[in-house]
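In my numbering, the protein residues as written are 3 to 218.
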(Lines of atoms letter the chains of each structure in order from A and count residues from 1; the text may use other names and numbers.)
(Lines give C-alpha, C1' and ligand atoms only; values in the text may rest on other atoms or scores of the structure.)
Protein backbone atom coordinates (compact mmCIF):
# COMPACT_ATOMS: atom_id res chain seq x y z
CA UNK A 1 0.00 0.00 0.00
CA UNK A 2 1.40 3.34 -0.99
CA UNK A 3 2.14 5.78 1.80
CA UNK A 4 1.17 9.48 1.72
CA UNK A 5 3.90 11.90 0.77
CA UNK A 6 4.57 13.56 4.11
CA UNK A 7 6.62 16.27 2.43
CA UNK A 8 3.48 17.37 0.60
CA UNK A 9 1.14 16.98 3.56
CA UNK A 10 -0.34 20.30 4.72
CA UNK A 11 1.42 21.87 7.66
CA UNK A 12 -0.31 23.70 10.48
CA UNK A 13 1.17 25.48 13.50
CA UNK A 14 0.84 24.13 17.00
CA UNK A 15 -2.35 24.98 18.89
CA UNK A 16 -3.03 23.79 22.43
CA UNK A 17 -6.12 23.36 24.60
CA UNK A 18 -5.80 22.40 28.26
CA UNK A 19 -8.94 20.99 29.93
CA UNK A 20 -9.25 20.57 33.71
CA UNK A 21 -12.30 18.51 34.60
CA UNK A 22 -14.62 19.57 37.45
CA UNK A 23 -12.19 22.32 38.42
CA UNK A 24 -14.71 25.09 39.03
CA UNK A 25 -16.88 22.89 41.23
CA UNK A 26 -13.88 22.48 43.54
CA UNK A 27 -12.83 26.12 43.84
CA UNK A 28 -16.23 27.87 43.67
CA UNK A 29 -19.13 25.40 44.03
CA UNK A 30 -21.69 28.22 44.27
CA UNK A 31 -20.88 29.86 40.94
CA UNK A 32 -23.38 27.91 38.82
CA UNK A 33 -26.33 28.76 41.06
CA UNK A 34 -25.17 32.37 41.17
CA UNK A 35 -24.89 32.61 37.39
CA UNK A 36 -28.22 30.97 36.66
CA UNK A 37 -29.87 33.37 39.09
CA UNK A 38 -28.93 36.33 36.88
CA UNK A 39 -31.06 37.76 34.07
CA UNK A 40 -28.97 37.78 30.88
CA UNK A 41 -29.46 40.18 28.00
CA UNK A 42 -32.05 38.75 25.61
CA UNK A 43 -31.90 41.62 23.12
CA UNK A 44 -29.21 43.50 21.21
CA UNK A 45 -28.88 46.55 19.03
CA UNK A 46 -28.54 45.65 15.34
CA UNK A 47 -26.36 48.42 13.89
CA UNK A 48 -27.17 47.47 10.32
CA UNK A 49 -30.92 47.73 10.84
CA UNK A 50 -30.67 50.47 13.41
CA UNK A 51 -33.00 48.87 15.94
CA UNK A 52 -33.17 46.54 18.95
CA UNK A 53 -33.80 42.88 18.12
CA UNK A 54 -34.31 39.67 20.10
CA UNK A 55 -31.45 37.21 20.53
CA UNK A 56 -32.16 33.65 19.42
CA UNK A 57 -28.90 31.69 19.38
CA UNK A 58 -27.79 32.59 22.92
CA UNK A 59 -28.11 35.19 25.67
CA UNK A 60 -25.16 36.89 27.33
CA UNK A 61 -23.83 39.10 30.13
CA UNK A 62 -20.56 40.94 30.73
CA UNK A 63 -18.78 41.38 34.07
CA UNK A 64 -16.12 43.78 35.36
CA UNK A 65 -14.82 45.23 38.66
CA UNK A 66 -17.11 47.51 40.63
CA UNK A 67 -20.88 47.77 40.73
CA UNK A 68 -21.68 47.38 37.04
CA UNK A 69 -24.17 49.34 34.95
CA UNK A 70 -27.53 48.70 33.28
CA UNK A 71 -27.91 48.11 29.57
CA UNK A 72 -28.34 50.95 27.10
CA UNK A 73 -29.19 48.93 24.04
CA UNK A 74 -30.02 51.91 21.84
CA UNK A 75 -26.34 52.89 21.89
CA UNK A 76 -25.10 49.31 21.62
CA UNK A 77 -24.22 48.74 25.28
CA UNK A 78 -25.34 45.57 27.03
CA UNK A 79 -25.69 44.94 30.75
CA UNK A 80 -22.47 44.92 32.76
CA UNK A 81 -22.61 43.11 36.10
CA UNK A 82 -20.16 44.32 38.74
CA UNK A 83 -18.03 41.76 40.55
CA UNK A 84 -19.20 43.33 43.82
CA UNK A 85 -22.58 41.64 43.34
CA UNK A 86 -21.36 38.20 42.27
CA UNK A 87 -18.77 36.96 44.80
CA UNK A 88 -18.55 33.40 43.44
CA UNK A 89 -17.95 34.62 39.90
CA UNK A 90 -15.38 37.09 41.21
CA UNK A 91 -13.61 34.27 43.08
CA UNK A 92 -13.30 32.30 39.83
CA UNK A 93 -12.00 35.36 37.98
CA UNK A 94 -9.33 36.02 40.62
CA UNK A 95 -8.28 32.37 40.80
CA UNK A 96 -7.88 32.10 37.03
CA UNK A 97 -5.93 35.37 36.93
CA UNK A 98 -3.53 33.97 39.52
CA UNK A 99 -3.18 30.72 37.57
CA UNK A 100 -2.30 32.64 34.41
CA UNK A 101 0.25 34.71 36.32
CA UNK A 102 1.81 31.54 37.76
CA UNK A 103 1.99 30.13 34.23
CA UNK A 104 4.03 33.12 33.13
CA UNK A 105 1.43 35.36 31.50
CA UNK A 106 2.74 38.93 32.04
CA UNK A 107 0.70 41.27 34.23
CA UNK A 108 0.42 43.81 31.40
CA UNK A 109 -1.36 41.14 29.33
CA UNK A 110 -3.82 39.96 31.96
CA UNK A 111 -4.28 40.52 35.69
CA UNK A 112 -7.06 40.54 38.28
CA UNK A 113 -7.78 44.17 37.43
CA UNK A 114 -7.94 43.65 33.65
CA UNK A 115 -9.34 40.12 33.22
CA UNK A 116 -12.89 40.53 31.96
CA UNK A 117 -15.64 37.93 32.08
CA UNK A 118 -18.44 37.26 29.60
CA UNK A 119 -21.08 34.56 29.88
CA UNK A 120 -22.99 33.01 27.00
CA UNK A 121 -26.23 31.31 28.01
CA UNK A 122 -27.36 28.51 25.71
CA UNK A 123 -30.99 27.92 26.55
CA UNK A 124 -31.18 24.49 24.85
CA UNK A 125 -27.87 22.85 23.80
CA UNK A 126 -29.80 20.80 21.24
CA UNK A 127 -30.97 23.98 19.49
CA UNK A 128 -28.67 26.83 20.47
CA UNK A 129 -24.99 27.48 19.94
CA UNK A 130 -22.40 29.50 18.06
CA UNK A 131 -20.85 28.79 14.67
CA UNK A 132 -17.17 28.55 13.73
CA UNK A 133 -15.21 31.68 14.60
CA UNK A 134 -12.09 32.93 16.30
CA UNK A 135 -11.82 35.29 19.26
CA UNK A 136 -10.52 38.35 17.43
CA UNK A 137 -10.83 40.68 20.41
CA UNK A 138 -8.75 38.64 22.86
CA UNK A 139 -5.63 36.48 22.87
CA UNK A 140 -5.84 35.05 26.38
CA UNK A 141 -8.95 32.86 26.51
CA UNK A 142 -10.17 30.70 29.38
CA UNK A 143 -13.59 29.08 29.17
CA UNK A 144 -15.76 27.64 31.93
CA UNK A 145 -18.69 25.32 31.29
CA UNK A 146 -21.52 25.62 33.82
CA UNK A 147 -24.74 23.67 34.28
CA UNK A 148 -27.21 22.77 37.00
CA UNK A 149 -26.99 19.00 36.43
CA UNK A 150 -24.31 16.49 35.46
CA UNK A 151 -26.17 15.84 32.22
CA UNK A 152 -25.77 19.46 31.11
CA UNK A 153 -22.90 18.74 28.74
CA UNK A 154 -22.05 20.60 25.55
CA UNK A 155 -19.18 20.11 23.09
CA UNK A 156 -16.70 22.63 21.79
CA UNK A 157 -15.37 21.79 18.32
CA UNK A 158 -12.12 23.02 16.73
CA UNK A 159 -11.57 23.09 12.96
CA UNK A 160 -8.68 24.15 10.72
CA UNK A 161 -9.24 26.63 7.88
CA UNK A 162 -6.99 28.01 5.16
CA UNK A 163 -7.93 30.65 2.62
CA UNK A 164 -11.39 30.79 4.12
CA UNK A 165 -11.97 27.09 3.40
CA UNK A 166 -12.10 24.03 5.62
CA UNK A 167 -8.87 22.01 5.58
CA UNK A 168 -10.45 18.65 4.79
CA UNK A 169 -7.18 16.84 5.58
CA UNK A 170 -7.78 17.43 9.27
CA UNK A 171 -10.66 16.01 11.27
CA UNK A 172 -12.60 18.21 13.66
CA UNK A 173 -11.40 18.01 17.24
CA UNK A 174 -14.42 17.57 19.51
CA UNK A 175 -14.04 18.18 23.25
CA UNK A 176 -17.04 17.28 25.38
CA UNK A 177 -17.35 19.65 28.30
CA UNK A 178 -19.43 19.11 31.42
CA UNK A 179 -20.46 21.37 34.30
CA UNK A 180 -17.42 22.62 36.18
CA UNK A 181 -14.90 21.93 33.42
CA UNK A 182 -12.48 24.72 32.53
CA UNK A 183 -10.44 24.99 29.34
CA UNK A 184 -7.45 27.16 28.48
CA UNK A 185 -6.71 28.01 24.84
CA UNK A 186 -3.32 28.95 23.48
CA UNK A 187 -3.22 32.09 21.33
CA UNK A 188 -3.37 30.02 18.14
CA UNK A 189 -6.24 27.90 19.44
CA UNK A 190 -8.22 31.00 20.43
CA UNK A 191 -8.11 32.13 16.82
CA UNK A 192 -7.38 35.85 17.04
CA UNK A 193 -5.99 35.54 13.50
CA UNK A 194 -8.99 33.69 12.07
CA UNK A 195 -9.80 36.33 9.45
CA UNK A 196 -6.38 36.02 7.82
CA UNK A 197 -6.52 34.09 4.54
CA UNK A 198 -2.85 33.40 3.79
CA UNK A 199 -2.16 31.14 6.76
CA UNK A 200 -3.88 28.15 8.43
CA UNK A 201 -6.15 29.33 11.23
CA UNK A 202 -8.13 27.49 13.88
CA UNK A 203 -11.78 28.25 14.57
CA UNK A 204 -14.14 26.87 17.19
CA UNK A 205 -17.89 26.33 17.52
CA UNK A 206 -20.15 25.12 20.31
CA UNK A 207 -23.63 23.81 20.94
CA UNK A 208 -26.13 22.19 18.59
CA UNK A 209 -25.05 20.17 15.57
CA UNK A 210 -26.29 22.83 13.13
CA UNK A 211 -23.50 25.03 14.50
CA UNK A 212 -20.75 22.45 15.07
CA UNK A 213 -21.21 20.21 12.03
CA UNK A 214 -22.01 22.77 9.33
CA UNK A 215 -19.55 23.10 6.48
CA UNK A 216 -18.39 19.48 6.27
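The beta-carbon is built from N, C-alpha and C at its ideal position, and this holds for glycine as well.
The three-state reading of DSSP puts residue 109 in coil, since its state is none of H, G, I, E or B. The region 169-188 makes contact with the region 132-149, as at least three CB pairs between them are under 8 angstroms. The beta carbon of residue 172 sits closer than 6 angstroms to the beta carbons of 162 from its chain, once the five residues preceding and following it are set aside; these are given in chain order. Per DSSP, the continuous beta strand (DSSP E) segment holding residue 157 begins and ends at 156-164. In the structure shown, residue 53 falls within a strand segment according to DSSP collapsed to helix, strand and coil. Beyond the five residues adjoining it in sequence on each side, residue 57 comes within less than 8 angstroms, by CB distance, of 43, 44, 45 and 46 in the same chain, given in chain order. Taking the CA atoms as reference points, residue 167 sits about 14 angstroms from residue 215. Residue nearest to residue 148 within the set 68, 198 and 38 is 38 (criterion: CA-CA distance). Separation of residue 14 and residue 174 (C-alpha to C-alpha, rounded to the nearest whole angstrom) is 14 angstroms. Contact between residue 136 and residue 203 holds: their C-beta atoms lie close to 6 angstroms from each other, under 8 angstroms. In this structure, the straight-line span from the alpha carbon of residue 18 to that of residue 192 is close to 9 angstroms. Residue 179 counts as buried, since at least 16 other C-beta atoms from the protein chains shown sit within 10 angstroms of its C-beta.
Excluding residues up to 5 positions away in sequence, 194 lie with their Cβ nearer than 6 angstroms to the Cβ of residue 138 in the same chain.
Contact check for residue 112 against residue 99 passes: the beta carbons are separated by less than 8 angstroms. Counting only residues of its own chain and dropping the five nearest sequence neighbours on each side, residue 59 has a CB closer than 7 angstroms to the CB of 130, 131 and 132. Taking C-beta atoms under 8 angstroms as the contact rule, residue 183 and residue 21 qualify, at a distance of about 6 angstroms. Distance from the CA of residue 73 to the CA of residue 65, rounded to the nearest whole angstrom, comes to 12 angstroms.
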